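Protein chains in written order, with my numbering: chain G, 1194 to 1832; chain D, 27 to 404.
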C-alpha cells in the first residue's frame, strides 16, 4: 500500500509544492536578513555617536597628576618644609589571593605596627576597585625596601611606590608657624575646588601650610590613559603636566627662631619678634611645641593622647591664640592716652601711698610696692611701674577713652597676620560688658584696666604689634610671615613728637636707669633698649586682704605664679626689632622676661639681615626706584 | 524525463570544465568556494579577536581542515545510504543522548559530553546531522503532503532528541535541531493549517514555557528586554556587544584596532560574540559582505534543493540550508541584542570545535545530493 502510493505520487505536483515552499523560505530568509540589516544600521549608523561615546567612556580613564607641593623657606632661603622621596608599601587587591598569608609574609620581613595594620584593614575594606593599590606601610626605609625587593617574587600583589612626603626638618621649632599637612578629608575638600585636588593626598591643616594652601598646592594635571575592562592601565593617551605649587618664603629666620627657643629653655611661654619698619615677623615662638612630622601621615592615637593631655599644652599656639592679661606692658600706651586727651601733662605728678581709693568706697586698689612710690611723675610711674599713678590716670581718662585710644594699637582685635585661628584678645568697654555680662560698667573696673588687668586680654602677637606701632610713632604694618616686598599699612595713630619722646625716654630708662624695673638689661647691651616690663596675675590675690603678704614668692606653686612679660624695641633711636615676651609662671617680668628679650634683640641686631624699611603710607620699600601705587588704599587697622 | 534531460544538458553546458572535474569527486565547486571564502574571512576576524595569538589560528586551521575533510567524506556517501541508515543512526544516537544524561561529563554547568577516554564525544552533534535525515527518510515513505498520522510520528522523531538535549541543558542546540526537523516537515508540504495551528499552540504555550525555563534562561530573556537593568551583571554581554557594534560605525575602527575587543570589554569575543569584533573593526561595510556571503551559501543550498531529484534529497538539502541560516540569524540576532543570549556560534567564523565539523559534514551531505544526482536520474 505504502509502496504503491510512493510510485504513484505525482512527481510534478510534489516538486511544484516543494518549490513553492522554497520560495516561501527564500522570502522568509530575506525578511529576517532585512531585520538583521536594519538592526545593524540602527546600531552602526543611527546610534553610532552614542556607542562611540560609550566605547570611549569604557576605555579612557582620566587619572589626575597631583602637583608637587611648594616648599616653605625661611628668609635666608633655608627649607623649613620640604618634600622628601618616600617609599610606600602597597597591596594590589586583584593580585593577592590570600590576604592573611601575604600579610604574614610581609610581617616576617618588615615590622608592621598595630596602627598600620588597623589602618590597612580599614583602607582594604573601603577600597574602590581591585586594581587600585591599598597602602600598607608609609615610610619604608632603605633596608626594608631592599628586603622587600629581594623577596618580591614570592610576595604576591605587593608593590612599592615612590612618592614625595612632606618633611619639616626643624620639627618642633617651626610647628607653631608652619603648622603641618595631614591626610586630606571631606572638610578640606569643601573649602577648595575639588577637581583641583583629585589625586592630592595631603592638605594644609594649620599654620602657613593652611594659610597658603592655595599657593603651595599648585594645579592638578591629568593623564588620559587607556585601560582594559579590568581597569589595568595600558598606555598613556595624553597628559597635561601639573603646575607645581609655589614656594613660600617667610620673613622668619630659622636660626633666630632656634636661638629664641633656646633662650626660653624648658619654660612655657611665647616670644614674637617683629621688624617694626615693615611688619615682618622675625621669630614666632610658642613653647612647648611638638613634632609636626608626626601628623603628616596620620598621628597615632598614643602620640596624640600624649600631646593632647600634656598639662603644658604643646599643641596650643600661645603666640597666636594665647590670651594673657597684658599687665603693666600697656602702661606706656596709657600715658600716651593721658597726654593725647590732656588728662595729664609731662610735669604732672601725684602722691603714691601704696594704694588707691575711689571716692565713697573703702576698697583699696593696691600698688605692687606696698610702701608706695611717694611723689610720682610720669617718668617715675613708667620706670618703676607705679600702679597708683595709673589707677588715677585711668579714672581720669574713663573707660570710653581708654578703649578708644588703645584700640588704635590693635588691641581687642585680630592683627590680620597670615595665620588662621588668631584670637582677638579683649579690650573691654561699656558696650562689651553690657552685651556679654548684662551688667553696667563699674568705676573700679576702669582702674584695673589701667594696669592691664581685669577683663583685658592680649595675645603676644598683639603686644608685639602694638609695640611696633609705638616704636614707629604710630605707624606700622599688618604683621605677616610671608616675606613680601610690600606690606599693608595700618591706620596711622597720631602721636605728637613731644608726647612720644616723653614715653620713649621713660621706656629707655626702664632698662637703663638704676631704678628701672629692667635695669639689669641696659648694662649688658651696647645698644639702647626701650621697654616695659609686666607681671600678669594668674592667681587672683585678694586686693582687700591686708594679711596677704605673698605677692610673688617661691611659696606659691609654679602653676599659680604670675606670668612674666616684657615688651620693647631696639635700638631705641632707630628701632629695627620689637619683641613681646611672655614667660608663663615666670614670676617677675623684669627679672625673667626682660633679660631674655635683651638677648633676643642682641642676637638679631648682631646676626640678622633685616629687610629695608617701608614707606608707611604706601607699603613700598623706601629706596625703591619705581613708583608704586599703594597696595591697599586704606589701612585695615581702622579704629 | 525529456525535460529533466534537457535541464541536465543545459546545466552541463553552463558548467566549466573545472566544475565538472570537482563534480566527479562529488564536490560542489560554488559551495566549496563560498565556504572557503567564509572560512578565510572568519580566520581574519578570529586573528584579531584572539589578539593575534598564533596558537589560536593554528588550532582553528586544524579544525577547519578536519571539517573540510569531513565535508569531502560525507559528500562521497550516496544519498540513498543516508536515507536507508538514518533511522538506525537515530536510534543509536538517541540512546547515546540518554547515556549523556546518565553518565556524561559536565562542563560549564551543562552535561553534554560522553568521555570516551581519548576524545570527548558530543552525541548532540551527531543528532544534528541525523535528525533532518531521519525525518526526511520517514516522510519519503509516504505520499505528500504528509498525512496527520505521519506528521505526528515525525514530530515524535523530532521531540525525543530535542527534549533530551534541552535537558542537558543546551537550549541553543535543541532549538536549532528542532528547527532542522521542522524545516523538513515544512518543505515536504506540510499543510498551512498544521503550520498555523502549530504556531498558535506555541504561542498559547509560551506562558507555560516561561515556567519550564530555568532561572538563568528567564534572566536572559529579561536581560534582552532591558540590558541596562544590570549593566555589570546579566546585561554586561549585550551592552558591551552593542557598544562594540555601534562604535564600529560605517567603516569600522580598522583591523586589530577594535578597542572593545582588544581591551577585553567584549566577552566571549573569539567564540559566540565574534560577530561584534567584525562589526567593530570593519563596520557596516564588513557586516554587509559577511551577510551576503551567508545568504549566498543559503541560496546555493536552496538551489541544490530545488535541483534535487526526490523528496528525501530536496527536504534534506533545504533543511540543511535553512538551518544554516537559523544559525546565522540567531547568532547575529543575539549579539546585536535582538534575541536572548543562547550559545550559538557564528558558523565558520567562531572559534570552536565539534559544531564546525558537524556543519561541514552537513554541507558534505548537500554536495553528495547535488553530485550524485545524475546517477539517480539515470
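Ideal Cβ positions, reconstructed from N, Cα and C, are used throughout, including at glycine.
From a predicted model like this one, the values you see are computed outputs, not experimental measurements.
Next on the checklist: Only counting the same chain, and skipping five residues up and downstream in sequence, which positions put a Cβ closer than 7 Å to that of residue 185/D?
Outcome noted: none
Next on the checklist: Quick check on residue 1742/G: buried or exposed, where buried means 16 or more other Cβ atoms within 10 Å of its Cβ?
Outcome noted: Per-residue confidence for residue 1742/G stands at a pLDDT of 40, beneath the threshold of 50, marking its modelled position as unreliable; the derived number appears in the next sentence. Looking at its Cβ environment, which holds fewer than 16 other Cβ atoms inside 10 Å, residue 1742/G is exposed.
Item to check | Span separating the alpha-carbon of residue 32/D from that of residue 218/D | outcome: Residue confidence for residue 32/D is low, a pLDDT of 45 falling below 50, so the modelled location carries little weight and cannot support an answer.
Checklist entry - Would residue 1179/G count as contacting chain D if we go by Cβ distances under 8 Å? => result Missing from the structure shown is residue 1179/G; chain G here goes from 1194 to 1832 and no further.
Item to check | The beta strand (DSSP E) enclosing residue 1543/G, as first and last residue numbers | outcome: 1542–1545
Item to check | Contact check, residue 1363/G vs residue 1445/G, beta carbons under 8 Å | outcome: no
Checklist entry - Do you know how far the Cα of residue 65/D is from the Cα of residue 124/D? => result 34 Å
Next on the checklist: 8 Å is my cut-off, CB to CB: does residue 1214/G come that close to chain D?
Outcome noted: yes
Next on the checklist: Quick check: what's the CA-CA separation for residue 350/D versus residue 1421/G?
Outcome noted: 35 Å
Checklist entry - Nearest to residue 1593/G by alpha carbon, out of 1231/G, 1527/G, 1288/G? => result 1527/G
Next on the checklist: Run through chain D and tell me which residues come within less than 9 Å of residue 1421/G, C-beta to C-beta.
Outcome noted: 288, 289, 290, 291
Checklist entry - residue 173/D lies in the beta strand (DSSP E); which residues open and close that run? => result It is not in any beta strand (DSSP E) - residue 173/D carries neither H nor E in the DSSP assignment.
Next on the checklist: Under 8 Å, Cβ to Cβ, is there at least one residue of chain D near residue 1244/G?
Outcome noted: yes
Next on the checklist: Considering only DSSP beta bridges, list what residue 298/D is partnered with.
Outcome noted: In DSSP, residue 298/D forms no bridge with anything.
Next on the checklist: Ignoring anything shorter than 3 residues, give me the beta strand (DSSP E) runs that lie fully in the region 1393–1446 of chain G, in order along the chain.
Outcome noted: 1395–1397, 1414–1420, 1426–1433
Next on the checklist: Using C-beta distances below 6 Å, list every residue in its chain close to residue 358/D, excluding the 5 sequence neighbours before and after it, in chain order.
Outcome noted: 301
Next on the checklist: Less than 6 Å between C-beta atoms, sequence neighbours within five positions excluded: which residues of the same chain meet that for residue 1546/G?
Outcome noted: 1565
Checklist entry - In the region 330–357 of chain D, which residues sit with their C-beta less than 7 Å from some C-beta in chain G, listed in chain order? => result 331, 332, 337, 340, 344, 348, 351, 355
Checklist entry - Rounded to a whole number of angstroms, what is the C-alpha to C-alpha distance between residue 1289/G and residue 1328/G? => result 13 Å
Next on the checklist: Using a Cβ-Cβ distance cut-off of 8 Å, determine whether residue 1241/G contacts chain D.
Outcome noted: yes
Checklist entry - Beta-carbon separation of residue 171/D and residue 227/D under 8 Å? => result no
Checklist entry - the region 268–288 of chain D: which residues have C-beta closer than 7 Å to a C-beta of chain G, in chain order? => result 268, 269, 271, 272, 273, 274, 275, 276, 285, 286
Checklist entry - Along chain G, in chain order, which residues have C-beta atoms closer than 8 Å to that of residue 362/D? => result 1229, 1232, 1233, 1236
Checklist entry - Per DSSP, what kind of secondary structure is residue 1280/G in: helix, strand or coil? => result strand
Checklist entry - With 8 Å set as the bound, which would you pick, yes or no: does the beta-carbon of residue 199/D sit closer than that to a beta-carbon of chain G? => result no
Item to check | DSSP beta-bridge partners of residue 1474/G | outcome: 1467/G
Checklist entry - Taking Cβ positions, are residue 314/D and residue 392/D nearer each other than 8 Å? => result no
Checklist entry - What are the start and end residues of each continuous alpha helix (DSSP H) run of 4 or more residues lying completely inside the region 1307–1338 of chain G, in chain order? => result 1307–1318
Next on the checklist: At the level of alpha carbons, what is the spacing between residue 1256/G and residue 1657/G?
Outcome noted: 48 Å
Checklist entry - residue 1260/G to residue 1409/G, Cα distance in whole Å? => result 9 Å
Next on the checklist: Less than 8 Å between CB atoms is the rule here; does residue 12/D satisfy it with respect to chain G?
Outcome noted: Nothing in the structure corresponds to residue 12/D, since chain D is present only between 27 and 404.
Next on the checklist: Can you pull the chain G neighbours of residue 313/D, defined as C-beta to C-beta under 9 Å?
Outcome noted: 1229, 1230, 1233, 1237
Next on the checklist: Using a Cβ-Cβ cutoff of less than 6 Å, which residues in the same chain neighbour residue 1183/G once the five nearest sequence positions on both sides are dropped?
Outcome noted: There is simply no residue 1183/G to check, as chain G begins at 1194 and stops at 1832 in what is shown.
Checklist entry - Beta-carbon of residue 212/D versus every beta-carbon of chain G: anything under 8 Å? => result yes
Next on the checklist: Can you check whether the C-beta of residue 305/D is within less than 8 Å of a C-beta belonging to chain G?
Outcome noted: yes
Checklist entry - Which word fits residue 43/D, buried or exposed, when buried means at least 16 other C-beta atoms lie within 10 angstroms of its C-beta? => result exposed
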